[in-house]
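Going line by line, the protein sequences match chains A and B. Just so we're aligned, residue 13 is where the first sequence starts under this note's numbering, counting upward by one. Just so we're aligned, residue 401 is where the second sequence starts under this note's numbering, counting upward by one. Built from N, CA and C at the ideal position, the CB exists for glycine as well. From a predicted model like this one, the values you see are computed outputs, not experimental measurements.
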Amino acid sequence: MIKRLFIFAAIILFGLMVLPLVTRIAPFTELTPLAAKYVGAEAHELGAANLVTAVVVTYRGLDTLGEVTVLFAATAGVGFLLRSRTKKDSSIADAETQAVEAGVQAADPESAVPVEVEVEADRRGSGASGAAATRRPAPLSELLSSASVVLFPLVLMFGAYIFIHGHLTPGGGFQGGVVIASGFALLMAADASRTLNHGVLLLVESLSGAAYVVLGLLGLVLAAGFLDTTFLPFGKLGQVFSAGAIPVIYSFVGLKVGSELTNILESLRK
Amino acid sequence: MSSIEIFIIPIGLFMIAGALIALYQKSLVAAIIVSGVVSLVASVIYVMLAAPDVAMTEAAIGSALTTVVFLYALGRIRKQGGSEND
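Below, the structure written as structure tokens:
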């Protein structure tokens with residue numbers, strides 16, 4: 013009761029803390045000066061048709077680099093956690109199967125019924141581990157496996173289109189990368205025994221991450237500052253090869269995000 | 401009240417209902433799928449509010465990838481025999 017009272021009081025206090033946000037700040041009726049500057053000057057400063065991408069990659073480029081770093085740290089954490097777990101898991105699972113077998117043998121002389129019950133319970137409790145222990149591959153879904161053959165290249169192409177055209181149409185490196193990762197997720201769901209090459213994924217991920225930083229440093233050397241994209245020619249507004257280094261940077265971000273998320277899925281799957 | 405708001409308010413109510421279903425759902429798999437549906441509906445709202453960039457992120461990450469990651473995580477937890485009562 014008293015605990016609930018405390019929780020209630022804490023919620024009310026928090027509400028009072030954020031109350032000024034509701035009462036004092038009125039919604040903007042026009043663009044703030046900074047936004048007006050971006051909208052007015054972006055087209056001839058950077059030459060990207062999609063203003064959102066210009067802001068994300070160039071004006072707020074350092075934040076995007078930070079986001080990519082956060083995603084990298086998360087992937088590294090997941091990989092580390094799951095890899096150290098899998099080793100322990102397999103040894104525990106082996107011990108468990110041995111124990112179950114021993115139990116079955118011990119229970120065998122008494123009667124047949126408890127053994128069946130025990131095996132049944134084991135199967136129901138952990139159907140996946142039963143399948144993994146006997147190394148029986150999961151049955152392929154005909155629908156999913158034939159659909160994945162047709163859909164996987166299309167999904168991959170769509171993801172690449174999203175990040176290559178990030179400076180022209182909505183979307184960009186992150187969205188394209190996630191679409192590519194979902195294509196790989198389809199592939200994994202269609203065929204459980206298929207394994208992806210971790211080395212290639214790691215290589216793509218680290219090379220594109222390094223290329224992103226190198227492009228940022230090139231901006232520092234050749235143009236106004238770190239992550240300045242104006243060192244490549246602008247081209248014509250609205251074409252694929254335009255907007256300086258923005259499409260190049262976003263392509264690398266897309267490859268990096270796609271390979272990182274695929275790596276997370278792959279290490280979760282085992 | 402503009403014409404967009406008329407559509408957005410029922411969709412928002414639908415999202416709240418979906419979130420409550422996901423919270424009080426007994427089956428974990430169903431809860432994961434319902435929360436994915438909530439993300440998908442949120443991305444529809446973003447499109448209506450003229451934010452296609454955000455809508456793409458929400459649809460791809462919120463409804464596709466997060467659902468898959470949650471399902472894999474649930475599979476791993478069940479494999480380890482962590483919970484038999486879901």
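Short check: CB of glycine 183/A to CB of aspartate 453/B, under 8 Å? Start at 1 with the first residue of the first sequence, and residue 183/A comes out as number 171. Start at 1 with the first residue of the second sequence, and residue 453/B comes out as number 53. Yes; because the gap between Cβ atoms is below 8 Å, this pair is in contact.
Pair within 8 Å by beta-carbon distance, serine 418/B and serine 443/B: Counting from 1 along the second sequence, the entry for residue 418/B is found at position 18. Counting from 1 along the second sequence, the entry for residue 443/B is found at position 43. Note on identity: in this sequence residue 418/B is glycine, with serine being the wrong assignment. Not a contact, by the Cβ cut-off of 8 Å.
Report back the beta-carbon spacing between serine 194/A and alanine 464/B to the nearest angstrom; my notes put them in contact at under 8 Å. The sequence position of residue 194/A within the first sequence is 182, counting from 1. The sequence position of residue 464/B within the second sequence is 64, counting from 1. Confirmed, Cβ separation roughly 5 Å.
If you run the structure through DSSP and keep just helix, strand and coil, what is aspartate 453/B? By 1-based counting over the second sequence, the position of residue 453/B is 53. Correct three-state label for aspartate 453/B: helix.
Can you tell which of Thr274/A, Pro259/A, Asp240/A has the C-alpha that lies nearest to the C-alpha of isoleucine 174/A? Within the first sequence, residue 174/A is the residue found at index 162, counting from 1. Nearest option by C-alpha distance: Pro259/A.
Kindly give me the distance between the Cβ atoms of leucine 180/A and glycine 250/A, rounded to whole angstroms, as I take these residues to be in contact under 8 Å. What you label residue 180/A is simply residue 168 of the first sequence in a count that begins at 1. What you label residue 250/A is simply residue 238 of the first sequence in a count that begins at 1. So it is a contact: roughly 6 Å between Cβ atoms.
Judging by CA-CA distance, which residue of Leu28/A, Ile19/A, Asp75/A is the nearest neighbour of leucine 239/A? Along the first sequence, one-based indexing puts residue 239/A at 227. Answer by Cα proximity: Asp75/A.
Please check if any C-beta of chain A sits within less than 8 Å of the C-beta of threonine 457/B. Taking the second sequence and counting its residues from 1, one reaches residue 457/B at position 57. Taking Cβ atoms only, chain A reaches closer than 8 Å to threonine 457/B, which makes this a yes.
Please report how far the alpha carbon of leucine 163/A lies from the alpha carbon of methionine 456/B, in whole angstroms. Locating residue 163/A in the first sequence gives position 151, where the first residue counts as 1. Locating residue 456/B in the second sequence gives position 56, where the first residue counts as 1. Going by the C-alpha atoms only, they are around 19 Å apart.
In angstroms, rounded to a whole number, what distance separates the CA positions of proline 245/A and alanine 66/A? Start at 1 with the first residue of the first sequence, and residue 245/A comes out as number 233. Start at 1 with the first residue of the first sequence, and residue 66/A comes out as number 54. If you take the alpha carbons of proline 245/A and alanine 66/A, they lie about 15 Å apart.
What is the rounded straight-line gap between the Cα of alanine 431/B and the Cα of leucine 267/A? Residue mapping note: residue 431/B aligns to position 31 of the second sequence, counting from 1. Residue mapping note: residue 267/A aligns to position 255 of the first sequence, counting from 1. Those two C-alpha atoms are separated by around 32 Å.
Per DSSP, what kind of secondary structure is arginine 206/A in: helix, strand or coil? Taking the first sequence and counting its residues from 1, one reaches residue 206/A at position 194. It is coil, neither helix nor strand.
Three Cβ pairs or more, each shorter than 8 Å: is that satisfied between the segment 205-225 of chain A and the segment 18-32 of chain A? no
Alanine 429/B versus glycine 475/B - alpha carbon distance: Residue mapping note: residue 429/B aligns to position 29 of the second sequence, counting from 1. Residue mapping note: residue 475/B aligns to position 75 of the second sequence, counting from 1. For clarity, residue 429/B is valine in the given sequence; the question names alanine instead. Distance between the alpha carbons of valine 429/B and glycine 475/B: 10 Å.
Could you round the C-beta distance between aspartate 255/A and alanine 60/A to whole angstroms and report it? I think they count as a contact, below 8 Å. Translated into the one-based positions of the first sequence, residue 255/A becomes position 243. Translated into the one-based positions of the first sequence, residue 60/A becomes position 48. At residue 255/A the sequence reads alanine, which differs from the aspartate that was named. Confirmed, Cβ separation roughly 4 Å.
Just checking my contact of serine 157/A with alanine 202/A at CB under 8 Å: how many whole Å lie between their CB atoms? Taking the first sequence and counting its residues from 1, one reaches residue 157/A at position 145. Taking the first sequence and counting its residues from 1, one reaches residue 202/A at position 190. Correct: roughly 5 Å between the Cβ atoms.
Among the residues of its own chain, which have a CB less than 7 Å from the CB of phenylalanine 20/A, if the five just before and after it don't count? For the purposes of this step, residue 20/A is identified with residue 8 of the first sequence, where counting begins at 1. For phenylalanine 20/A, where only same-chain residues beyond five positions count, there are no Cβ hits under 7 Å.
Mind checking if leucine 273/A is an interface residue toward chain B, Cβ cutoff 8 Å exclusive? If you number the first sequence from 1, residue 273/A lands on position 261. For leucine 273/A, the answer is yes, since a Cβ of chain B falls inside 8 Å of its Cβ.
Helix or strand or just coil, what does DSSP make of asparagine 62/A? What you label residue 62/A is simply residue 50 of the first sequence in a count that begins at 1. Asparagine 62/A: coil per DSSP, three-state reduction.
Chain-ordered chain B contacts of alanine 255/A [CB-CB under 9 Å]: On the first sequence, residue 255/A is found 243 positions in, with the first residue counted as 1. Simply none; closest approach about 16 Å.
Tell me, please, whether the CB atom of arginine 72/A is closer than 8 Å to any CB atom in chain B? Mapped onto the first sequence, residue 72/A falls at position 60. No, because no Cβ of chain B sits closer than 8 Å to the Cβ of arginine 72/A.
Using a Cβ-Cβ cut-off of less than 7 Å, give me the residues of the segment 187-217 of chain A that come near chain B, in sequence order. Gln187, Val190, Val191, Ala193, Ser194, Ala197
Among the residues of its own chain, which have a CB less than 7 Å from the CB of alanine 197/A, if the five just before and after it don't count? Position 185 of the first sequence, counting from 1, holds the residue named residue 197/A. The residues are Leu277.
Look up histidine 177/A in the DSSP assignment and say whether it is helix, strand or coil. Here residue 177/A refers to the residue found at position 165 of the first sequence. Three-state result, histidine 177/A: coil.
Please report whether the beta-carbon of proline 182/A lies at a distance below 8 Å from any beta-carbon of chain B. Looking up residue 182/A in the first sequence gives position 170. Chain B contact via Cβ: present.
Under 8 Å, Cβ to Cβ, is there at least one residue of chain B near threonine 146/A? On the first sequence, residue 146/A is found 134 positions in, with the first residue counted as 1. Residue placement at threonine 146/A is flagged as unreliable, the pLDDT there being 48, under the threshold of 50; a coordinate-derived value is accordingly withheld.
Would you call the CB atoms of glycine 178/A and leucine 77/A closer than 8 Å? Residue mapping note: residue 178/A aligns to position 166 of the first sequence, counting from 1. Residue mapping note: residue 77/A aligns to position 65 of the first sequence, counting from 1. No, they are not a contact pair.
Out of Leu214/A, Ala38/A, Leu208/A, Leu166/A, point me to the one whose CA is closest to isoleucine 192/A's CA. Within the first sequence, numbered from 1, the residue matching residue 192/A stands at position 180. Selected option, being the one with the closest Cα: Leu166/A.
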